[in-house]
Amino acid sequence: MEKIKLGVIPLVYPTPIVLIGADVEGRPNFTEVGDCAIMGIEPALVAISLNAAHYTTGGIDGSGTFSINIPHTGQLSITDYCGRVSGRDVDKSALFRVFRGEQTQTPLIEECPVGLECRVRETVQIEQRRIFIAEVLECYVSPSFVAETEGGRRIASLNRLDPILYALDNQYYCVGPPVGVGYQEGVEPTPKT
Ligand SMILES: Cc1cc2nc3c(=O)[nH]c(=O)nc-3n(C[C@H](O)[C@H](O)[C@H](O)COP(=O)(O)O)c2cc1C
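Numbering-wise (my numbering), the sequence shown opens with residue 1 and increments by one.
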């Protein structure tokens, strides 16, 4: 085995950068999160992992709802700011124009191209991490990022959405061009002997 062991690191890369929205003590709060993943398509499940001490965490504990807002690279500065200051010390409620999820009234960010209204299904606590597994109740997309097709409507390409990616080298990245089509590229390989 020609590998160098780097140690115990959750080196899954890249991760999407999202802004989690939740009402805390009666007003919207937004925090930056890199630990966000899809847990299933049907039902539509997502998971986020928050430090139990974060201001946002208490709000989600209380309401059982939150939003996932996906910023674009042009929103990097305000997104990083939401990851540098706590709603406990700074009022982050007026940083964005807020709209409310129709089913839960959870706060979402108007300026982000995509926002998911989520309801918590399970909460898992591991040491200081609170992991919220949630069902997506609705997916709100800004009209300029919806493509009309013969079969209906679909989300614009990642290159148009221009999301912020993050890696454990503490750098933000943007996406490159597509390199293939899912479920269509695989051909039977020659076995390695
Ligand atoms: C790039 C980046 C990624 C982050 N990812 C997470 C994360 O996945 N989970 C988490 O609990 N905090 C994460 N944070 C830290 C929180 O965003 C930060 O502590 C924030 O101030 C908490 O705000 P709140 O107290 O208002 O909830 C991240 C911060 C940055 C800058």
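The C-beta atom is built at its ideal place from N, Cα and C for all residues, glycine as well.
Looking only at C-alpha atoms, which of the options sits nearest to residue i?
i	options	result
L95	E102, K192, T15 and L108	L108
V194	V146, R84 and V120	Residue 194 cannot be examined here, being either before or after the span of the chain that is shown, 1 to 193.
Y172	P178, V179 and P163	P163
Y93	K5, V175, L19 and A147	Before going on, a small fix: residue 93 reads as Ser here, not Tyr. Considering only alpha carbons, the answer is L19.
T73	V175, P143 and E25	V175
Q75	S67, G7 and L165	L165
V8	G186, K192, L168 and E188	L168
E111	E25, G58 and F30	F30
I131	A52, E32, G26 and P14	A52
G40	L158, E150 and I133	I133
I48	G58, D61, G34 and E42	G34
E102	D89, C118, D91 and V90	C118
Rounded to whole angstroms, what is the Cα-Cα separation between residue i and residue j?
i	j	result
V114	I17	12 Å
R160	V141	13 Å
Y81	K192	49 Å
T199	E2	Residue 199 lies beyond the range of the chain shown here (1 to 193); nothing can be said about it.
E188	P178	22 Å
L158	F145	10 Å
Q125	L50	10 Å
E185	V24	46 Å
T79	P71	7 Å
C36	V12	12 Å
E150	I4	50 Å
How about residue i and residue j: are their beta carbons less than 7 Å apart?
i	j	result
V136	A44	yes
T123	T65	no
G87	Y55	yes
I38	L116	no
E138	G83	no
V98	P28	yes
Under a three-way DSSP split, which group does residue i fall into?
i	result
R160	helix
L95	coil
G7	coil
D89	coil
Y55	helix
P28	strand
D35	coil
Q125	strand
Distance cutoff 7 Å, beta carbons only. Does residue i sit that close to anything in chain B?
i	result
M1	Among the protein chains of the structure shown there is no chain B, as only one such chain exists.
Go through the residues and name those whose CB comes closer than 5 Å to any heavy atom of ligand 1, in chain order. Those residues, listed in chain order, are T31, E32, V33, G34, D35, L50, N51, H54, Y55, T56, G83, S86 and G87.
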